[in-house]
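Novice:
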Amino acid sequence: MRSLKGEVVLNIPAEKAWEMYRNNEIISQIKPEMLAHAKYLQGDGSPGSLRLFKLGPALENYVKESTEKIEKVENGRSVTYSVVGGDLRKMYDPYTATFSFTPLHGNETHKCIAEWKADYEPLNPTIPPPEKARDAALGFLNCFEKFQTN
0 MRSLKGEVVL NIPAEKAWEM YRNNEIISQI KPEMLAHAKY LQGDGSPGSL RLFKLGPALE
60 NYVKESTEKI EKVENGRSVT YSVVGGDLRK MYDPYTATFS FTPLHGNETH KCIAEWKADY
120 EPLNPTIPPP EKARDAALGF LNCFEKFQTN
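Numbering that gives the first Met the number 0 puts the first residue of the sequence shown at 0, with every later residue one more than the last.
(1) Express the C-alpha separation of Ala-13 and Ala-113 in angstroms, rounding to a whole number.
(2) Could you say which of Leu-87, Lys-110, Asp-43, Glu-130 lies nearest to Asn-141 if we only look at CA atoms?
(3) Pick out the complete beta strand (DSSP E) segments inside the segment 20 to 55, 3 residues or longer, and give them in chain order.
(4) Would you identify the three-state DSSP class for Asp-134, choosing helix, strand or coil?
(5) According to DSSP, is Arg-1 helix, strand or coil?
(6) Can you give, in chain order, each stretch of the beta strand (DSSP E) that sits fully within the segment 55 to 115 and has at least 3 residues?
(7) So, under 8 Å CB-CB, Thr-95 and Thr-79 are touching, yes? Tell me the CB distance rounded to an integer number of Å.
(8) Within the same chain, show all residues whose beta-carbon is closer than 8 Å to that of Leu-122, passing over the 5 residues directly before and after it, in chain order.
(9) Run through DSSP, which three-state label would Leu-122 get?
Shown next as structure tokens:
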């Protein structure tokens, strides 16, 4: 299995970033040109739930939508999901991603490290690593603090 990861430092507490990521209404408003809509198709965000992400115009040339099955949740800290439908599934199998939010040591009440990590296997050798997915995820996470101040 191959892996790819990245992280960004956010000027908001980890708890707040976590709440924003898990709330479909909020996450759909952060940067609609990247993520147009999120909803739970089944469940409430606990393991076994299915969550649909419809991507916005900035990303639709790469991925239009992604259906994700939540595999593991560490409340207030991280969520791991497997892609079970959508465009990424046509490129990688398996494709599992984890979003985590960790308080920044020494500044826990004001900053956090938001990390994205994917474990994946391309369906054929011509498919590149999911660097576009990483860059989109990190770019989207960077928008959390801007949304906060609006």
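A virtual CB, placed ideally from N, CA and C, is assigned to each residue, including glycine.
Specialist: Straight from the coordinates:
(1) 8 Å
(2) Lys-110
(3) The segment 20 to 55 contains these whole beta strand (DSSP E) runs: 34 to 41, 49 to 54.
(4) helix
(5) strand
(6) Taking only runs of at least 3 residues, the beta strand (DSSP E) segments lying wholly in the segment 55 to 115 are 64 to 73, 77 to 85, 91 to 102.
(7) 6 Å
(8) Lys-89, Met-90, Tyr-91, Asp-92
(9) coil
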